[in-house]
Every structure is written in C-alpha cells, then in structure tokens.
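Undergrad: Next up is a structure, given as structure tokens.
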Amino acid sequence: MLNTNERLKRLIYQTLLIRRVEERVIELYPSDKIQSPVHLSIGQEPVAVGLCESMSPKDVLFTTYRGHAYYIAKGGKLPELMAELYGRKGGVSGGKAGSMHLAAPEVGMMGSSAVVASTIPHGVGAALAAKLQGTKQAVITIFGDGAIEEGVYHESMNFAVLHKLPVLFVCENNALAVHTSLAQRQAFDIVQHAKSYGINTTVIEDGNDLIKVGDIAAKLLESLRAGGGPEWLMVKTYRYKEHVGPGDDFDAGYRSRSDMEKWLATDPLYKYPEIVKEMEADVKTEIDRAVAFAEASPLPTRADLLTDVE
Amino acid sequence: MTAPSASLLSADLSLSLYKTLYMTRRCEETIVRIYPEDNMKTPMHMSMGQEAVSVGVCRAIGGNGDVIASYRSHATYLAQTEDHGSFFGELHGRTNGTADGKSGSMHLADIPKGMLGSTGIVSAGIPVAMGAAFANKQKSPGRVAAAFFGDGATDEGVFWETLNASCAMKLPMMFVCEDNDLAVHTRKSERQGFNSLVEVVRKYKCDVYEDDTNDVESIYALTRKAIEKMISSGQPAFLNIKTYRYLEPCGTMQDSDAPYRRAEEDAYWKGRDCVALQRKRLLASGLAEKDLLKVEGDINAAIEKSVAAAKAAPHPGADLLSYGVFYETP
Amino acid sequence: MTNQSLQKALSYREALNKAMHDAMAASDKVLLFGQGVNDHKGIFGTTSGLADKFGAQRLIEVPLAEEGMTGICIGAALNGAYPINIHIRADFVLLAMNQIINLAAKYKYMFGGLFDIPMMIRLVIGRSWGQGAQHSQSLQSLFAHIPGLTVIMPASSGAIVDSYAHAVQKHRGTVISFEHRLMYDLTFERDHEPEVLGKTPFSQRRVRAGTDVTIVSTSIMSLEARRAADWLADRGISCDVIDLHCVSHIDHDVIMKSVGRTGRLLVADTSWLPYGVSAEICRIVCQNDPGALKAPVVSLGMAPAPCPTAKALEDIYYPNLTTLTDSIATLVRGKNHGIDLPHERSMADVYKRFKGPF
C-alpha cells in the first residue's frame, strides 16, 4: 500500500504527463505533423486519472472522442499514442484511428468514438458479457453531459438497470456540449433523472480532487465486481481549451475566463507546484522519447490501406 | 361489471362519447367478422379494449389539435375523424380509402382532420407529433398536438429525445401513453429496469397525469384539464393511461390461452370494458334502452354501408403505383 | 463444396431453428437478442425450444431499443460474446444504423485491426400480403455498400445451416443476414441444394446450369428464377441461374464465366434497381469485359416506390413468374419469342399456398 503522499505523487505524475502531452500536441499542431482533429482533455485529466487508478487491465473502459487522457491513464503506451497522432505505421492503430479512436485492448481501453453517446451501450454490452461469463470484470463507460440527450443513453441505462449489470456510468460534466450550455438543452436535472431509474448515484463536485475521484471510483468498482448492479457517477470538471482544436476560446462569447480561474484554484498541477516541479524533467524525457518514436516511425503505405477492413 | 360513477358531463356529451366508442368497437367487431372473407389483405393491429383512450383524448382535443397514432391506429383514427367510410375503403385496398389503398391498416391519415398519420415503426410518430406541436405554437396558438404510443415505445430512445426537446422548447405537446403493459408479448417488467415510467417522466419539465379507470369520461375530463394547463403553462403534458388489449398483438383473434396472458387480468379488464361502462352509465342516467338500441342500430347500419361501399369501390390501377413517390412526377 | 450439415429435407424455418440451436450448442458465447426470442412464438419458431435447452439467460428478451441493443451487442462482442441480434422485420434495423454503420462496420479498421466484432444480425424481409411500406423492405444494398459488413441472403435451408455455422464459428466480423418471410414454410430437399461455387458457405451458388442466358438472383428471386428456368427448359431455353447469396462479396469470375458463356444477363433482385444489386452486377460486367454481352442487361426488382398495401398494387409492384419468364424469353429470343408463358399474377399467393419441397 502506498502512503498517501506516494499515491498522490503517482496520480499527479499521470495528470502532469497527460497535460504535457497535450501541450506538446498544441506546440506541434502548427507544424501540421498531426493532421487529425484533436479534442483536448486539458483541465479534465484528473477525472481520467482518478477513475482509472483502481482499474485492472482486465477491467474495460469505453470513452469518447476526448480520449487522450483515458488512453494514458488506462495504461496505453505513449510512443504508440504519439505515432498514432502523427498518422504513422507505429501508431497504436497504424495511423488509421487518429486522435478520436484511441484504443489499447491489452489494458482494457476498448475504444472511443466520434459519435456522441455511441459507446455508452458498448459498456453495457461488455458488462452483460462479463456477467454471463462470470469474469468479475468491472466496466466503465464515459460520456459527456451532452450525451444524456441522446436516446441511446436511456436505452443503455434502462438495460443495465434491468439486468443489474456491472457497469459504472460516468458523466464527465463540463456543462458544455460543444458550445451550448445545459439549460438550453435539458429539461431535467441530470442526477435526479438518473436516480429515477433506480440506479445509485454519486456526484463529485470537484473533479480536480484526484484522491477523492480515486477513492470513490475504487469503491464503486468494487461494488460492481461484487455483483451489486450498475452505478452512476457524475464528476464535475472543466475543459480549458476549445471544443476541438488546440486553441483557447474565451473570446467566443459562450463562457468566460473567470469560469476557468475557479477551476485553476483546485487544479492539482497548480495546487502542488513543488511536486510538479520535481517531475517535469522525467515527464519531458518520456514525451521526447514518444515524439522521437513517432517522428522515426514510417508512414503507412498503399499496402496498409486495405488491411483490416474485415 | 364495475358500476360507473354518475356522469359529470352534459347528457349530450355523454351520449356522443358513447356513440364514438360504440362506433370504434363496432367497426373492429365488423373486421373480426369479415376478415376471413379475405378482402382486407393487410395486417390488423386491433384497438379493441383500448378505445376509451383515443375516444376520450381526441374528444377533449375537440378538433383543435393534431394527432399521430401508433400502428394500433384504428381507434385513434376513428375517434379523430369519425370516418369509417374511408377507413373500410383503405382496409379493403380500394380507391375510396384514405390513400387509395396504399396505406392499409398501419398508416391511416386524414390531414385536414388533424389525423397526421400512424406508423408501422414503434415510436416513430412521436417526434413527428412534436414537429406539429412546434408548428402549432408558431402558427396556431391554442392548438395542440398529441402523440399516441404504447408503453413499448417508451423503451425507444427517441421517445426520451422527444420528451426532453418538447420540454426544453416548451411546446404544446401531449404525450399519450396507452399503457397496456405489453410490447407484443413482453411485459414491462421484462423490458424496463426502472420501477415507474411516470416517476422518470416527472423529472422532466412537464405535467404528468395518470388514469386507471378505463372510463371514457374520466379520460376526457383529465385530458381537458391537461390541455388547459398546457396552454396556460406552456409546458408539455404526459398522460399515462392504463388500458388493456383484448386481442392478439397482430391479427383479429383472441389469444387468451397464450402463456403471456393472465386470466385474472383479463377478467378484471373485461369487467370494466369501456364500451359497456359508458352504456351502463347512460342507462343509469335515465336513457331508455330502446333509444340506445336505436342509436346503435343506426351506427351498425352506417358501418355496413361503409363496408359495402368499400367492396364496391374500384381497386387502384397501375397508374397509381408510382403516384406520390415524389412531389412532382418527373 | 457441398452442403455438409444438412442431413434431411428441412423447411427454411426448421433450418433457422437448427442453425440457432447448433450455434448455441457449439459455443456458450453465443447469445440471442431480440424482441420475442423467448416468447411462445419464438421469432416465427426459429428460437423455440432453445431456452429450455440452453437456459433463458442466453436468450435475451430486449426492450424496443434497436440502437441501444445493437450497441450492447457490439459491447458484448468486444468482451468475448457472439451476439445474434434478431429483428422480426428488416425495416426495424433502420433505427440502429448508427451502431451498425458507424461502429460495427468500422471497429476493426478504425482501430487498425485491434478488434473484431463477431456478431450476426438476422433481419426478416416481411414481404407478403399487405405488409406495406414499413414492414416489407429489402435493404441489402444499403448494408452491402458499407465496407466492413458481410451481407448474405440465404435462399435455401442448406444455405442457412452452412452459412450460419460459418458465420458463428469461422467468420470474425459482423454478418447481416436477410431472411425472406415468404420462404419460411418452404421445405428444401437436400438433393436439390444449389452447388456452392467457392471455398466457403458464403460463396455464390449455381441453382441451375445453362447456356443461353445468365440469371443472377437473390433470395426468393432465386427460387423464382429456378421456376422460370424449369418452365423455359421445356421450351428450349437454357438458363444459367446463379444465386448471389453473399451480396457484399461477389466472385467476379463466377459472374464473368457465366456471362462469357451465355452473352446475356438478367438480374432478378428482391429490391429496388438503382444503386442496388442489379447496378452492382452491371458494374462488375462492365468493368471486367463490356464486350461479353450480346444484348443489353435486363433488371427486375421492385417498382421505384414505397411498397403499397393494396393487393391490386402490391401484385404489380413486384415482378411475378409471368413477367420474369417473359423477360428471359424476350432477352434470348426477342420480343416475338412465341413462347407460351405461365399464368401467375401474385407471387405472394403462390408461396403462401406452396410448401415445397423445393
């Protein structure tokens, strides 16, 4: 068992790694070496890190097009991620996936989709298979608050509750579906709504609290493995960058910089500057290696175009 | 037979509701009788047992609204249009039908009368009704739209999408759930994880109404209340009306012996049959049985005329096959 | 290759039940999903008795939630199951297009081969007797258009038993099978099973060998083509009838060799002609050898309209044996072919009465 400080450090290291990877993406973006739309997680990394802390590689996770953080937190390899963003043969999917479809099945990262809400039922199906086959796996399916408006969210929740499946629904609530705020789109309270399905609900107000997210996720996942039926968790968080792309968009009129500043106050990377400072060099080395791997990796060729179609 | 409460409505309205109830029932009894003649070559999803929902709701709308039915559309179509002539024409596949025989039983429509259609795809009409509510809000204040659907349709995501959007947009949209507990042969308990649909719906910004009376007057009064509130509040209404399907899911036969049926449930609902209930109420209110028999006899005769007219009407010709595929014939 | 699994004459319905049974017996990973899989009707009898044998937990009665359930099947497939998702009308699958086209068809390629989605979707073409616009569609070309999907249209009991076993036990991707409701009660004799023209049960099949005209057909049109060919054989016209079976993966050689021999081509599909099977077969011929044809191609399919309910219109909406036979005779002998034609106005009526054996 790690002592609290070691545990915090480990979680901060992962958070920092994700942050710096994405900042490197921003840095590289103007060079056009990464020709794939990027939905950056910056600001939301602690959620991914906390949720994945107590997942074993056999526990599976499905997520959204904002997937870099989950790929890294779940244990996906960094050089393969970078090569994938570069569209190289050495990428985790040989360059066919790009930023929006990251996966690493060997560590239970089962994919991410560019279509809002479309991976929610996958988590439920994986949980069904886990239950019927007695694998004791726990499943997490991640979605944003925008996905709740999709009918398939209802269909998935209903089925999971009906069959008491070992799936944790996680709503990453950044209160923005692209650029529209919740009040314009939803005629209900998300948590009360989930509760009315007869599912246990938990809300984490501060998604920046790594330890809290980690502790709650551990408890919920254990309950799933013990056959306790589905769980539902909302983690409030904040996206610092624009919906898609490497820039800021506080001048776009739909949100203000002061919103972000509230979140910066609890952002672990600002809260623990000393710890972060100690880690910067190691993180940089790791990222440099990954970038070097990507740069050196060959481009896929015509011979790769039609492999793995079926 | 459950004893009906005394009517709170006018005698005329009470009788009028009965006439429509009786007419829908009689039309379907006629279908059961003549279906084996094999002149109506279309699958039948019969409303029998559920008529009070359509009759009560459509009368409460009173022509000032648009409705969309599920594929179990007979009662809704007949209640909204009172037109069994086109109905039998369509079921017979003839040119005096609602769509020259192209629709059959599952796609009955009469746009001028606010019957915007019915669909063979579970839940597919719900967002279409929402579109009508949207248009009504813009163009015809006070006019509402209603979607009829079974509890099975609430399994579909599109029901929830429409509910959310209607509430967010504050539309004069009435969701009418004909809750017979069955999707084909599957009960809600095998399909729905939550305990109560109504409790989930209550989480949305709409007004929720429930009825478990099978009494057309009660359903009528409840719907009036819902419409008045909807117009004043600008919030959609959700009506969950418990009901019971007498016949097999598709077809004109009884299936009381099928494993999914429950004898006590069957007896309970047939003991509160909506047509018999209203008839009893009228008799209790002092209407003479012979007068009622006359009313029923007139309806029977009119239906027989419609059937005869349908059988005599021309079949659609080849020229109609490609008519209406595009807006203009290229 | 021959049909190994079929020991005796089976109806299409019995073959489907056997195929479901064999799949569940072969692997406990196989799960059945569908509305009515476990009720007293058992998807027209094709899943009846399976719950008693394999346990009700493997036959999952589903809410009416096509998109969600398809996604759930994909998730289950990703986690080691083999889902068979059944829709009693092919039309209902349109509610699940996002999961099928955006996810199932792409999951392997989009992730660079990291995953397979082993899964089968059974769709019943509801055509018969007034089913109308939303209960009768033949949507094969919609799916066959999408890389990553395998689309089959079994036209005999043997095709079902062999192809479903292959799909479940050997094939690693998603298979969409269109079953035709009008064939459910037909019995197919083992000895009359078409010859399989390739290495796997998904391969094209030769229903009848001939020299005057090539008929490429799908699903129940392969039965109609055989009936027309039998009629014409007695009147001096020899038809080479190829049942396409797997419409997404067509062996060009099979088509070209036949057309090379006959020089004439008629395509008889169960669906609309534009952008469909007929268009695809024409593409194959034109790209491989446009000079192979001695006459313009003839295509038969549904009229370009939604399906009307009225029997008077439904009967002219679909081709019938008379129009098919006439079209073949005209293609081979010209307009004044002088061949007497069978008189049959309604294909649906014939198949409702006729039970086989075929």
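Residue numbers (our numbering), protein chains in the order written: chain U, 677 to 986; chain R, 1007 to 1336; chain V, 59 to 416. A virtual CB, placed ideally from N, CA and C, is assigned to each residue, including glycine.
1) Taking the CB atoms as reference points, tell me whether V:GLY188 and R:THR1048 lie closer together than 8 Å.
2) Tell whether a beta-carbon distance below 8 Å holds between R:HIS1090 and R:CYS1033.
3) Can you tell me whether V:LYS410 is buried or exposed, with buried defined as 16 or more other CB within 10 angstroms of its CB?
4) Less than 8 Å separating the beta-carbons of V:LEU117 and V:LEU90?
5) Under 8 Å, Cβ to Cβ, is there at least one residue of chain U near R:GLU1270?
6) Kindly list, in the order they appear in chain R, the residues whose Cβ is closer than 9 Å to that of U:GLY822.
7) Alpha carbon to alpha carbon, what distance is there between V:VAL312 and U:ALA870?
8) Tell me, please, whether the CB atom of U:GLN711 is closer than 8 Å to any CB atom in chain V?
9) Drop a sphere of 10 angstroms on the beta-carbon of V:GLY92, count the other beta-carbons inside from all chains shown, and report buried for 16 or more, exposed for fewer.
10) Could you name the residues of chain U that R:TYR1198 contacts, counting a contact when the two beta carbons are closer than 8 Å?
11) Going by alpha carbons, who is nearest to V:MET241 out of V:ALA81, V:VAL356, V:PRO400, V:PHE102?
12) For V:CYS297, write down the residues that DSSP places opposite it in a beta bridge.
13) Give me, in chain order, the residues of the same chain whose beta-carbon lies closer than 8 Å to that of V:ASP398; leave out the 5 immediate sequence neighbours on both sides.
14) Measure the beta-carbon distance from V:HIS131 to U:GLY801 and round it to whole angstroms, keeping in mind my assumption that it falls under 8 Å.
15) Over what stretch of residues does the alpha helix (DSSP H) that includes V:CYS365 continue unbroken?
16) So, for R:ASN1070: in the same chain, excluding its five sequence neighbours on each side, which residues have a beta-carbon less than 6 Å away from its beta-carbon?
17) Could you run through the stretch 1147-1161 of chain R and flag, in chain order, every residue whose CB is less than 8 Å away from some CB of chain U?
18) Below 7 Å between beta carbons is the criterion; list the residues of the stretch 366-400 of chain V that meet it against any residue of chain R, in chain order.
19) By DSSP, does U:VAL791 sit in helix, in strand, or in coil?
20) Which residue wins for smallest C-alpha separation from V:LYS166, given the options V:LEU153, V:LEU181, V:ALA135, V:ALA191?
21) Is it the case that the Cβ atoms of V:SER221 and V:PHE260 are separated by a distance below 8 Å?
22) If U:LEU945 sits next to U:LEU684, beta carbons under 8 Å apart, how far is it from one beta carbon to the other, in whole angstroms?
23) Using 8 Å as the threshold, is the C-beta distance between U:TYR747 and U:LYS709 below it?
24) Report the partner residues of V:ILE118 according to the DSSP bridge assignment.
25) Once you ignore the five residues that flank U:MET677 on each side, which residues in its own chain have a CB closer than 8 Å to its CB?
26) Using DSSP with H/G/I as helix, E/B as strand and the rest coil, what is V:CYS304?
27) Out of U:GLU756, U:ASN876, U:SER712, which one is the CA nearest neighbour of U:ALA968?
28) Closest by CA to V:TYR375, which one among V:ASP86, V:SER385, V:PRO362?
29) Going by C-alpha distance, which of V:ILE386, V:THR380, V:ASN160 is nearest V:PRO354?
30) According to DSSP, V:VAL325 sits in a beta bridge with which residue or residues?
31) Determine the chain U residues that contact V:ASN160 at a beta-carbon separation under 9 Å, and present them in chain order.
32) Using a beta-carbon distance cut-off of less than 7 Å, what residues from the stretch 120-139 of chain V approach chain R?
33) Which residues, taken in chain order from the stretch 1234-1247 of chain R, show a beta carbon closer than 7 Å to some beta carbon of chain U?
34) Output needed for V:GLU125: all residues of its chain with C-beta closer than 7 Å, excluding positions within five of it in sequence on either side, in chain order.
35) Would you list the residues sitting across from R:VAL1061 in a DSSP beta bridge?
36) Under 8 Å between the Cβ atoms of V:ASP298 and V:VAL254?
TA: The short version:
1) By one-based count along the third sequence, residue 188 of chain V stands at place 130. By one-based count along the second sequence, residue 1048 of chain R stands at place 42. Result yes, Cβ atoms of V:GLY188 and R:THR1048 sit closer than 8 Å.
2) Locating residue 1090 of chain R in the second sequence gives position 84, counting from the first residue. Locating residue 1033 of chain R in the second sequence gives position 27, counting from the first residue. Yes. Within cutoff.
3) Position 352 of the third sequence, counted from the start, is the residue given in the question as residue 410 of chain V. V:LYS410 should be labelled exposed.
4) As a position in the third sequence, residue 117 of chain V is number 59, starting the count at 1. As a position in the third sequence, residue 90 of chain V is number 32, starting the count at 1. Yes, the pair counts as a contact, with Cβ atoms nearer than the cut-off.
5) As a working mapping, residue 1270 of chain R is identified with position 264 in the second sequence. With its beta carbon at least 8 Å from every one in chain U, R:GLU1270 lies outside the interface.
6) Locating residue 822 of chain U in the first sequence gives position 146, where the first residue counts as 1. In chain order: nothing, as chain R lies at least about 12 Å away.
7) Position 194 of the first sequence, counted from the first residue, corresponds to residue 870 of chain U. Position 254 of the third sequence, counted from the first residue, corresponds to residue 312 of chain V. C-alpha separation (whole angstroms): 56 Å.
8) Numbered from its first residue, the first sequence carries residue 711 of chain U at position 35. For U:GLN711, the answer is no, since every Cβ of chain V falls outside 8 Å of its Cβ.
9) Looking up residue 92 of chain V in the third sequence gives position 34. The residue in question, V:GLY92, is buried, as its Cβ has 16 or more Cβ neighbours within 10 Å.
10) Locating residue 1198 of chain R in the second sequence gives position 192, where the first residue counts as 1. According to the sequence provided, residue 1198 of chain R is Gln. The question's Tyr does not apply to it. Within chain U, the residues near R:GLN1198 are ASN834, LEU838.
11) Translated into the one-based positions of the third sequence, residue 241 of chain V becomes position 183. Ranking the options by Cα distance to V:MET241, first place goes to V:PHE102.
12) Locating residue 297 of chain V in the third sequence gives position 239, counting from the first residue. V:VAL271.
13) Position 340 of the third sequence, counting from 1, holds the residue named residue 398 of chain V. Excluding residues within five positions, the ones whose Cβ falls inside 8 Å are ARG293.
14) Residue mapping note: residue 131 of chain V aligns to position 73 of the third sequence, counting from 1. Residue mapping note: residue 801 of chain U aligns to position 125 of the first sequence, counting from 1. For the sequence presented, residue 131 of chain V should be read as Cys rather than His. With a Cβ gap of about 6 Å, V:CYS131 and U:GLY801 count as contacting.
15) Taking the first residue of the third sequence as position 1, residue 365 of chain V is located at position 307. It is not in any alpha helix (DSSP H) - V:CYS365 carries neither H nor E in the DSSP assignment.
16) Here residue 1070 of chain R refers to the residue found at position 64 of the second sequence. Hits under 6 Å: ARG1149.
17) ASP1161
18) PRO366, THR367, ALA368, LYS369, ALA370, LEU371, ILE374, TYR375
19) As a working mapping, residue 791 of chain U is identified with position 115 in the first sequence. DSSP places U:VAL791 in coil when its eight states are reduced to three.
20) Counting from one through the third sequence, the residue named residue 166 of chain V turns up at place 108. Among V:LEU153, V:LEU181, V:ALA135, V:ALA191, the Cα nearest to that of V:LYS166 is on V:ALA135.
21) Here residue 221 of chain V is taken as the residue at index 163 of the third sequence, counted from 1. Here residue 260 of chain V is taken as the residue at index 202 of the third sequence, counted from 1. Yes, the pair counts as a contact, with Cβ atoms nearer than the cut-off.
22) In the first sequence, the residue the question calls residue 945 of chain U occupies position 269. In the first sequence, the residue the question calls residue 684 of chain U occupies position 8. About 12 Å separates the two Cβ atoms, so there is no contact after all.
23) Walking along the first sequence from the start, residue 747 of chain U turns up at place 71. Walking along the first sequence from the start, residue 709 of chain U turns up at place 33. Result no, Cβ atoms of U:TYR747 and U:LYS709 do not sit closer than 8 Å.
24) Mapped onto the third sequence, residue 118 of chain V falls at position 60. V:ILE118 pairs with V:PHE91.
25) By one-based count along the first sequence, residue 677 of chain U stands at place 1. Unreliable placement is indicated for U:MET677, whose pLDDT of 49 sits below 50; the coordinate value is still reported in the next sentence. Taken in chain order, the list of residues that qualify is empty.
26) Residue 304 of chain V sits at position 246 when you count from the first residue of the third sequence. V:CYS304 falls in the strand class under three-state DSSP.
27) Along the first sequence, read from residue 1 onward, the residue named residue 968 of chain U stands at position 292. Closest by alpha carbon: U:GLU756.
28) In the third sequence, the residue the question calls residue 375 of chain V occupies position 317. Among V:ASP86, V:SER385, V:PRO362, the Cα nearest to that of V:TYR375 belongs to V:PRO362.
29) In the third sequence, the residue the question calls residue 354 of chain V occupies position 296. Nearest of V:ILE386, V:THR380, V:ASN160 to V:PRO354, Cα basis: V:ILE386.
30) Along the third sequence, read from residue 1 onward, the residue named residue 325 of chain V stands at position 267. Paired residue(s): V:VAL274, V:SER357.
31) As a first step, residue 160 of chain V must be located in the third sequence, where it is residue number 102. Chain U residues near V:ASN160: SER789, ALA790, VAL791, SER794.
32) PRO121, LEU122, ALA123, GLU125, GLY126
33) none
34) Taking the first residue of the third sequence as 1, we reach residue 125 of chain V at position 67. Once the five neighbours on either side are set aside, the close Cβ partners of V:GLU125 are LEU153, ALA154, ASN156, GLN157.
35) Position 55 of the second sequence, counted from the first residue, corresponds to residue 1061 of chain R. Looking at the DSSP assignment, R:VAL1061 forms no beta bridge with any residue, so it has no partner.
36) Residue numbering aside, residue 298 of chain V sits at position 240 when the third sequence is read from its first letter. Residue numbering aside, residue 254 of chain V sits at position 196 when the third sequence is read from its first letter. Not in contact: V:ASP298 and V:VAL254 (Cβ atoms no closer than 8 Å).
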